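A.B. asks: What follows is a structure written as C-alpha cells; I'll ask about it next.
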Amino acid sequence: MPGLGKRSSEIILAEIGQDMSRFPTAGHICSWAGVCPGNNESAGKRRNGKTRKGNKILKSTLVECAQSAVRRKDSFFYAQYQRIAMRRGKKRAILAVAHSILIAIYYMIKEDKEYEDLGADFYNKFNKEKKANAYIKKIKELGYNVQIIAQVS
3 MPGLGKRSSE
13 IILAEIGQDM
23 SRFPTAGHIC
33 SWAGVCPGNN
43 ESAGKRRNGK
53 TRKGNKILKS
63 TLVECAQSAV
73 RRKDSFFYAQ
83 YQRIAMRRGK
93 KRAILAVAHS
103 ILIAIYYMIK
113 EDKEYEDLGA
123 DFYNKFNKEK
133 KANAYIKKIK
143 ELGYNVQIIA
153 QVS
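Each residue of the sequence shown is one higher than the last, beginning at 3 in the working numbering.
Here is the structure:
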C-alpha cells in the first residue's frame with residue numbers, strides 16, 4: 003500500500019490488533035482512531051466539525067502515512083488528496099486520506115486480502131459528460147469559444 007512502510011505497519015497493527023471482530027464496521031474503527039470527519043449540524047446547517055480525540059499514536063501514524071501516500075502520483079490516494087485539497091484545504095485532505103487508508107487496512111485484515119489500488123484516474127471514470135460540461139462552462143467564462151469533438155478510442 004502506498005505510504006505504509008515496515009515500521010508504520012508494525013505500529014498500526016500493534017494499535018488495532020489483528021482481531022477485527024471488535025469493530026463491527028470500518029466506521030467504528032475510524033471513529034475509535036479519531037480520523038472520522040467531524041459533524042456539527044444544527045437547524046439544517048452543516049458547519050465545520052472537529053475530529054474526535056482518538057488513539058493519538060494511531061492517528062499520527064496514519065497522518066504520516068497519508069502524507070507519504072499522496073506523493074505517489076499514480077495512486078488513488080494522490081487523486082483523492084488533489085480532489086479534496088482544492089476544495090477543503092491541505093490538512094483536511096490529508097486527514098481524509100488517512101481515513102481512507104484505515105478503511106483499506108480494516109478490510110485487508112478482516113477479509114485477508116491484499117491491497118488493490120483503484121488508480122489515479124478513479125474519479126475520472128464516471129460522470130465524464132458532466133465534468134466536460136463544467137470545464138466548457140469555465141472556459142466560456144474566461145471569454146473563449148469551445149467546440150467539443152468526442153475522441154473515439
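Backbone N, C-alpha and C define an ideal beta-carbon position, used for all residues, glycine too.
All of these numbers come straight from a predicted model, not from anything done at the bench.
Just the C-alpha distance for isoleucine 150 and lysine 132, rounded to the nearest angstrom, thanks.
C.D. replies: Cα to Cα, isoleucine 150 sits roughly 13 angstroms from lysine 132.
A.B. asks: Between isoleucine 59 and isoleucine 18, is the Cβ-Cβ spacing less than 8 angstroms?
C.D. replies: It is not a contact, given that the beta carbons lie outside the stated cut-off.
A.B. asks: Do you know how far the Cα of arginine 9 is from the Cα of alanine 136?
C.D. replies: 43 angstroms
A.B. asks: Would you mind working out which of Phe78, Val99, Glu116, Tyr109 sits nearest phenylalanine 124, comparing C-alpha positions?
C.D. replies: Phe78
A.B. asks: Give me, in chain order, the residues of the same chain whose beta-carbon lies closer than 8 angstroms to that of alanine 100; leave out the 5 immediate sequence neighbours on both sides.
C.D. replies: Close CB contacts of alanine 100 within its chain, under the 8 angstroms cut and outside five residues either way in sequence, are with Val37, Lys61, Leu64, Val65, Cys67, Ala68 (chain order).
A.B. asks: Tell me which residues share the same chain as alanine 106 and place their Cβ nearer than 8 angstroms to its Cβ, disregarding the 5 neighbours each side in the sequence.
C.D. replies: Correct list, in chain order: Met3, Tyr117.
A.B. asks: Quick one: complete alpha helix (DSSP H) runs, 4+ long, within the segment 4–60?
C.D. replies: 8–18, 28–35
A.B. asks: Taking isoleucine 141 as part of the alpha helix (DSSP H), name the residues at either end of that continuous run.
C.D. replies: 130–143
A.B. asks: Counting C-beta neighbours from all protein chains within 10 Å, is the total for tyrosine 83 16 or more, i.e. buried, or is it exposed?
C.D. replies: buried
A.B. asks: Can you name the start and end residues of the alpha helix (DSSP H) that glutamine 149 belongs to?
C.D. replies: It is not in any alpha helix (DSSP H) - glutamine 149 carries neither H nor E in the DSSP assignment.
A.B. asks: Does tyrosine 117 come out as helix, strand or coil in the three-state DSSP assignment?
C.D. replies: coil
A.B. asks: For phenylalanine 128, count neighbouring Cβ atoms within 10 angstroms of its own Cβ and tell me buried if that reaches 16, exposed if not.
C.D. replies: exposed
A.B. asks: Under the three-state reduction of DSSP, which class applies to arginine 74: helix, strand or coil?
C.D. replies: coil
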